[in-house]
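These notes concern the structure reproduced below.
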Amino acid sequence: MKRALISDIHSNMEGLEAVLADIREQGIEEIYCLGDVVGYGPNPCECVDLVMECDVCILGNHDQGALFDPEGFNSGAERAIFWTRDQLESPRDDPDKVAKRWGFLGELPRNRRENGALFVHGSARNPLSEYVFPEDIYNQRKMEKIFSLIEHTCFQGHTHVPGVFTQSLQFFSPDEINYQYQLGDEKVMINVGSVGQPRDGDPRSCYVVLDGDTVSFRRVEYPFEKTIEKIHGTPELDNFLGDRLREGR
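For the sequence shown, my numbering gives the first residue as 116, with consecutive numbering after it.
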């Protein structure tokens, strides 16, 4: 069965809708979300409503920040998460919808394991908030500790930078492997990229399709100028959070 893996939506409804449409066009019915449904962007309620239809969703650090208090966030991200919380608590909305959204976020697990695969937001060592960047292949101690916690494959997000980390300390960006990777005996970490705020220099949304042992990276165009306009029109959201969408940074 083909499975779509999405992550880091960050309240970007235009990006999420475009990705979900691409998933439907391929006839994929099973969708896993690796967290950060909210934060940064202008449509938290709408994105939570759409992600509630996914088969599995993992807790992200911004999701937890909306539930409790943001920890380790920069000032722009912190303001965005407090604004997000206000939107999720809005008395203007149907009380049942408000309760359903909070209930959904509050019940999200920190990880999921199945058939040798681990699904997290951050890393196998710290599922919620540890970043694993491409340059970490030069940090042998860090990588060895994380890989020791992985049975075979770990799918993750959080950095918004898609690619494949191998246990032999190599990193492959999607374009280096023609957007496809074949799983074998070697342990790997797969970063599925970001739907709502790409940071690898490509403004298109990114997600992964898992079909047996084949991992395919998909890039999807979406009307980011519409998202930017919404962010610029929301005083509580820094303009930078919109501007960066043009550059994929």
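Where a beta carbon is used, it is the ideal one built from N, C-alpha and C, also for glycine.
Is the CB of residue 201 under 9 Å away from at least one CB in chain C?
The structure shown contains no chain C, having only a single protein chain.
According to the Cβ coordinates, are residue 162 and residue 124 closer than 9 Å?
To locate residue 162, count along the sequence shown from 1; it is residue 47. To locate residue 124, count along the sequence shown from 1; it is residue 9. In this structure, residue 124 lies closer than 9 Å to residue 162 by Cβ.
In the region 172-258, which residue ranges form an unbroken alpha helix (DSSP H) of at least 4 residues, counting only runs that do not cross its ends?
176-182, 190-203 and 210-221
Over what stretch of residues does the beta strand (DSSP E) that includes residue 334 continue unbroken?
For the purposes of this step, residue 334 is identified with residue 219 of the sequence shown, where counting begins at 1. 329-335 is the span of the beta strand (DSSP E), which, as asked, contains residue 334.
What would DSSP say about residue 118, mapped onto helix, strand or coil?
In the sequence shown, the residue the question calls residue 118 occupies position 3. Looking at residue 118 - three-state DSSP - the assignment turns out to be strand.
State the Cα-Cα distance for the pair residue 342 and residue 305, rounded to the nearest angstrom.
The residue you call residue 342 lines up with position 227 of the sequence shown. The residue you call residue 305 lines up with position 190 of the sequence shown. Using only the alpha carbons, I get a separation of about 27 Å.
Look up residue 278 in the DSSP assignment and say whether it is helix, strand or coil.
Here residue 278 is taken as the residue at index 163 of the sequence shown, counted from 1. Here residue 278 sits in strand by DSSP.
Using the beta-carbon count (16 or more within 10 Å), is residue 333 buried or exposed?
Counting from 1 along the sequence shown, the entry for residue 333 is found at position 218. That one is buried.
So if DSSP puts residue 146 in a beta bridge, which residue, or which two residues, is it bridged to?
In the sequence shown, the residue the question calls residue 146 occupies position 31. Note: residue 146 sits in a beta bridge opposite 119.
Would you please state the rounded distance, in angstroms, between the beta carbons of residue 348 and residue 236? I believe it to be under 8 Å.
As a position in the sequence shown, residue 348 is number 233, starting the count at 1. As a position in the sequence shown, residue 236 is number 121, starting the count at 1. That pair is no contact at about 29 Å.
Assigned exposure category for residue 354 - 16 Cβ within 10 Å defines buried:
As a working note, residue 354 is residue 239 in the sequence shown. Counting Cβ neighbours within 10 Å, residue 354 comes out exposed, since fewer than 16 surround it.
Nearest-angstrom Cβ-Cβ length linking residue 270 and residue 232, presumed shorter than 8 Å
Stepping through the sequence shown from its first residue, residue 270 is reached at position 155. Stepping through the sequence shown from its first residue, residue 232 is reached at position 117. The Cβ separation is near 7 Å, so the contact holds.
Using CA atoms only, rank isn't needed, just tell me which of 158, 166, 174 and 320 is closest to residue 221.
Here residue 221 is taken as the residue at index 106 of the sequence shown, counted from 1. Minimum Cα distance to residue 221 is reached at 174.
Please return the same chain residues whose Cβ sits closer than 8 Å to the Cβ of residue 252, not counting the five positions on each side in sequence.
By one-based count along the sequence shown, residue 252 stands at place 137. Hits under 8 Å: 258, 280, 284, 285 and 286.
Residue from 307, 147, 262 and 186 with nearest C-alpha to residue 322:
Locating residue 322 in the sequence shown gives position 207, counting from the first residue. Considering only alpha carbons, the answer is 307.
So residue 311 and residue 156 are in contact, right, with Cβ under 8 Å, and what is the actual spacing, rounded?
Here residue 311 is taken as the residue at index 196 of the sequence shown, counted from 1. Here residue 156 is taken as the residue at index 41 of the sequence shown, counted from 1. Contact flag correct, Cβ pair sits at about 6 Å.
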